[in-house]
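To keep things clear, I will list the structure first and then write my remarks on it.
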Amino acid sequence: MWRSRLFYLIGCWILLLSATQAVPFTIAAALGELHAASGFLASIMVMSVIGGSLFLGFRSTPKIKVTRLTILLPVVGGMALAAVAGMPFFFVFPDQGLIPAFFEGMSLITTTGSSAYEGAFEEIVSISFWRIQAAWTGGFLAICMTLSILTAVNSGGVQLHRSPLPYGDSETGYPRLRAVGVSVAPIYGLVTVLCCAFLMLTGLPLFDALQFAMSTVSTTGIGPDGSNKIESVSTQVVLAVFMVVAMLNWDIMRARLLRVKAKHPQGLESKSVLMLVGCGAAALYLLAFPGDLDGFWHSVFAAISAMSTTGFMPSELGFSVQGADAGAIILIVLACLGGAVASTTGGMKQLRLIVIYLLARKEVDRLAHPHGVKSLRFQAFTIERRDIEAVWLLVGAFVLMLGLGSLSLSILGIDFQAATAMAVSALTLSGPLITMFDPYFSGFSGLTEADYMILSGLMLLGRIEASLFLALITRSFWRG
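Heads up: take any position in the sequence shown, counting from 1, add 67, and you land on the numbering used here.
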């Protein structure tokens with residue numbers, strides 16, 4: 068029964084995402100990009116048939132709540148959406164094959180921003196827009212997934228985040244997904260429009276400003292031409308402000324905008340984000356740009372971009388020889404930390420870091436007061452043992468997958484430094500930052516199919532979180 072419900076939901080997702088391809092198809096037709104238009108049309112037709120078949124074949128399935136369905140939905144759904152997002156690339160660039168197209172789709176739907184078609188699509192406006200549109204949709208889906216499905220299974224202790232969103236009767240699991248989407252969609256769209264408006268004030272055309280805004284809000288980090296380099300300082304300032312907004316909790320931003328009174332204190336994650344950005348910027352300035360006044364703003368912008376896992380960088384940014392390694396390490400650390408838990412960023416997220424900090428402080432206090440009894444509290448709620456175990460499981464799984472990904476890519480013949488850089492960028496969903504991690508990186512195009520599949524798996528793990536994947540390989544999960 069739960070399998071039928073899973074097929075029905077996947078069919079709905081495929082239909083919805085394939086319908087959004089009508090926008091780039093219209094752009095391609097209007098601009099005379101006939102080859103791209105035919106590719107989008109073919110993708111819409113194929114995916115509509117597949118999604119429609121699943122929808123019509125299983126639409127009579129009753130609504131059920133099963134743990135296996137709740138866990139499998141983001142995994143199977145992520146792969147299905149990646150196939151839909153990447154299908155236009157398969158039809159436009161058929162010589163590349165299906166696997167690179169799937170990698171491209173996974174990169175977009177997880178807001179990573181890496182590309183297997185570097186140098187091939189930059190002049191095709193409709194393809195460039197579809198990359199940003201698909202990533203923007205993936206960022207919205209990431210917020211909804213976190214506040215519904217990941218919260219239901221307490222992935223990485225996400226239940227510690229007490230959301231002020233109104234859910235009605237949809238209290239847990241996938242039924243809550245629609246309620247979250249309806250609540251978050253207006254603020255997500257509003258922030259995108261505001262970012263676009265401010266970018267236009269800096270002199271950008273409407274179409275370019277819209278694409279930059281969608282890429283910034285989703286923390287994808289790809290510009291209209293596929294590049295992550297930003298020349299204008301005024302544009303950098305606007306992007307920096309909205310990158311900070313994007314890595315905060317969207318449900319709390321909505322509540323504050325609507326002046327909804329929260330039942331418990333909020334803002335600890337926001338303070339943690341700003342503090343770490345400040346520390347990262349200071350470290351970059353002191354180690355990579357000592358005595359350089361222009362380097363101060365470069366450090367701030369780079370720290371915000373890395374922390375948000377966006378990847379935008381000033382066009383004139385360049386580390387000194389002495390500070391190159393130090394700068395790369397700082398950026399990697401910031402990308403691994405990530406933003407708030409209900410944001411569009413990658414990384415481990417601030418909630419887990421705060422729990423680890425509180426746990427460490429408790430252990431230090433215990434050394435000073437061996438017989439004292441003190442409970443851990445976060446957002447006015449007691450942190451239970453299962454929450455701590457969930458956080459440590461997430462951190463351990465993150466490190467394990469990072470090591471396995473780097474090792475697997477190295478075994479397949481990639482230089483270890485490049486393999487590590489690719490694994491970090493994939494798992495933290497910060498594809499454009501890879502050129503800062505490894506200045507000698509030659510690009511994602513031209514990799515083998517095995518490389519693309521490993522990186523696709525790491526990107527999916529980075530979005531749905533590795534601890535959720537570990538549940539799939541347990542015997543108890545399949546036994547029900």
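Idealized CB from N, CA, C, for every residue including glycine.
It should be emphasised that the depicted structure is a prediction, and the values quoted were computed from it without experimental measurement.
Three-way DSSP call (helix, strand, coil) for residue i in this model
| i | result |
| --- | --- |
| R229 | coil |
| R326 | coil |
| M146 | helix |
| I450 | coil |
| F379 | coil |
| K338 | helix |
| K429 | helix |
| I131 | coil |
| F445 | strand |
| I421 | helix |
| I289 | coil |
Burial state of residue i (16 or more Cβ within 10 Å)
| i | result |
| --- | --- |
| C403 | buried |
| V192 | buried |
| D432 | exposed |
| D236 | Unreliable placement is indicated for D236, whose pLDDT of 48 sits below 50; no coordinate value is reported for it. |
| F445 | buried |
| S442 | exposed |
| C262 | buried |
| A322 | buried |
| M320 | buried |
| T259 | buried |
| D318 | buried |
| E456 | exposed |
| T541 | exposed |
| H102 | exposed |
| P167 | buried |
| S127 | exposed |
| A86 | exposed |
| M281 | buried |
| P129 | exposed |
| R243 | buried |
| P161 | exposed |
| S523 | buried |
Nearest-angstrom Cα separation, counted from residue j out to residue i
| i | j | result |
| --- | --- | --- |
| L425 | A517 | 41 Å |
| M212 | G224 | 14 Å |
| W459 | T178 | 25 Å |
| T93 | F156 | 16 Å |
| W545 | E298 | 52 Å |
| T134 | N221 | 12 Å |
| S230 | I481 | 43 Å |
| S174 | E430 | 40 Å |
| V635 | F536 | Limits of the chain in this structure are 68 at one end and 547 at the other, which puts residue 635 out of reach. |
| F125 | G144 | 16 Å |
| M114 | L525 | 25 Å |
| I531 | L217 | 8 Å |
| L527 | P437 | 43 Å |
| P170 | V327 | Reading off the sequence, residue 170 comes out as Phe, not Pro. Each residue's Cα considered, the two are about 41 Å apart. |
| A393 | Y507 | 16 Å |
| K132 | A252 | 25 Å |
| S509 | A485 | 9 Å |
| V90 | L76 | 23 Å |
| L335 | A488 | 31 Å |
| A313 | S410 | 6 Å |
| L232 | L268 | 33 Å |
| L353 | T283 | 27 Å |
Residue range of the unbroken alpha helix (DSSP H) whose run includes residue i
| i | result |
| --- | --- |
| R126 | No alpha helix (DSSP H) holds R126; DSSP gives it neither H nor E. |
| F31 | With the chain running from 68 to 547 in the structure shown, residue 31 is simply not present. |
| V304 | V300 to A313 |
| T178 | Per DSSP, T178 belongs to no alpha helix (DSSP H) and is neither H nor E. |
| T87 | Segment: none, T87 is in no alpha helix (DSSP H) and carries neither H nor E. |
| M489 | F483 to L494 |
| Y519 | E516 to I531 |
| I254 | P242 to L268 |
| H365 | L360 to M374 |
| Q163 | Neither: Q163 is in no alpha helix (DSSP H) and is coded neither H nor E. |
| F544 | R542 to R546 |
| D275 | L273 to V284 |
| F504 | I501 to F504 |
Any non-hydrogen atom of the ligand PLP within 7 Å of residue i CB
| i | result |
| --- | --- |
| W545 | Among the ligands in the structure shown, none appear at all, so the ligand PLP cannot be discussed. |
Proximity test, Cβ basis, 8 Å: residue i and chain C
| i | result |
| --- | --- |
| P437 | Of the chains in the structure shown, none is chain C; there is only one protein chain. |
Subject >> Cβ contact check for the segment 488 to 504 and the segment 452 to 469: 3 or more pairs under 8 Å >> reply: yes
Original post:
Are the segment 116 to 131 and the segment 78 to 92 in contact at 8 Å, needing three or more beta carbon pairs?
Top reply: yes
**OP:** Count the C-beta pairs between the segment 266 to 284 and the segment 189 to 203 that are closer than 8 Å, then say yes if the count reaches three, no if not.
**Re:** yes
Original post:
Hey, is the segment 301 to 312 in contact with the segment 360 to 373, meaning 3+ C-beta pairs nearer than 8 Å?
Top reply: yes
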